[in-house]
Structures are given as C-alpha cells and as structure tokens.
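Okay, so here's the structure we're looking at.
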Amino acid sequence: ENDTPGSAVAKLFASAKMNGKECGVLSHCLQNWPSEAQMRATASEVQNLLVSGKKKEALQYAQEGQLWGPALAVASQLGEKFYVDTVRQMALRQLVAGSPLRT
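Under UniProt numbering, the first residue of the sequence shown carries the number 1, and numbering increases by one thereafter.
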C-alpha cells in the first residue's frame, strides 16, 4: 500500500461523496460516543503518558478511549503505519456500518 497518511484520510472522506450517499444527521453516521467524563479521564491519562515520554502507550490509551483527535496527533508523530492504523480503527469503531465514510 503506497498511500500516505494524508491521502488515506482524503480517500476515506472522498468515498462518501463518490458513493453519492450523505449522512443527513450526524447520529446516523457515528456510533459509540464515550461520555464526557470518560473523555476527560482518557485525556488526563494520555497527557500523563505523554509527559512521561510514553508515546506508544498514550496512543493505545487514546485509541481505546476513542479520543481520536489526540490519537491521530500522536500517531502522526510515530509514523505512517501508526497513523494509517489509527484512521482505520477510528473508522471501524466510530462510524456506523454502511456509512460511506467507513468504506
């Protein structure tokens, strides 16, 4: 696979337009949102791991807690393999099956 991280993300979002399907309401496209308390706890632990220099552990914790913004930021620092894997995990765990963004 020769996709760069940027092109992988672009393809993911472009697929929604190419398939001609739109998610009219956000809740029809997304699933499994963590609670605000869970996101705060995850963010705190990710921050602690990063301050301790444990980037891979921070990435894994952010992925497990579905804190995708920080997960993508950390993954991009770790390299293309980590970034592409994080984008895939986000698509599979966050996007509803059948959503054109998930394909």
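Idealized CB from N, CA, C, for every residue including glycine.
Are the Cβ atoms of residue i and residue j separated by less than 7 Å?
i, j, result
"Ala-43", "Leu-59", "no"
"Val-46", "Tyr-61", "yes"
"residue 104", "Leu-78", "Outside the displayed span of the chain (1 to 103) sits residue 104, for which this structure offers no information."
"Gln-89", "Gln-63", "yes"
Hey, how far is the Cα of residue i from the Cα of residue j?
i, j, result
"Gly-24", "Ser-35", "Low confidence applies to Gly-24: its pLDDT is 47, below 50, so where it sits in the model is not reliable, and the reading given next is rough at best. Using only the alpha carbons, I get a separation of about 23 Å."
"Lys-81", "Trp-68", "16 Å"
"Ala-97", "Trp-33", "15 Å"
"Arg-93", "Glu-57", "19 Å"
"Gly-53", "Ala-41", "19 Å"
"Ala-91", "Asn-48", "26 Å"
Identify the continuous alpha helix (DSSP H) that holds residue i and give its terminal residues.
i, result
"Gln-38", "36-51"
"Gln-66", "No alpha helix (DSSP H) contains Gln-66, which DSSP labels as neither H nor E."
"Ala-91", "80-94"
Just tell me which of the options has its CA closest to the CA of residue i.
i, options, result
"Leu-50", "Met-39, Pro-70, Ala-97 and Glu-64", "Pro-70"
"Gln-66", "Gly-53, Phe-82, Thr-86 and Asn-48", "Thr-86"
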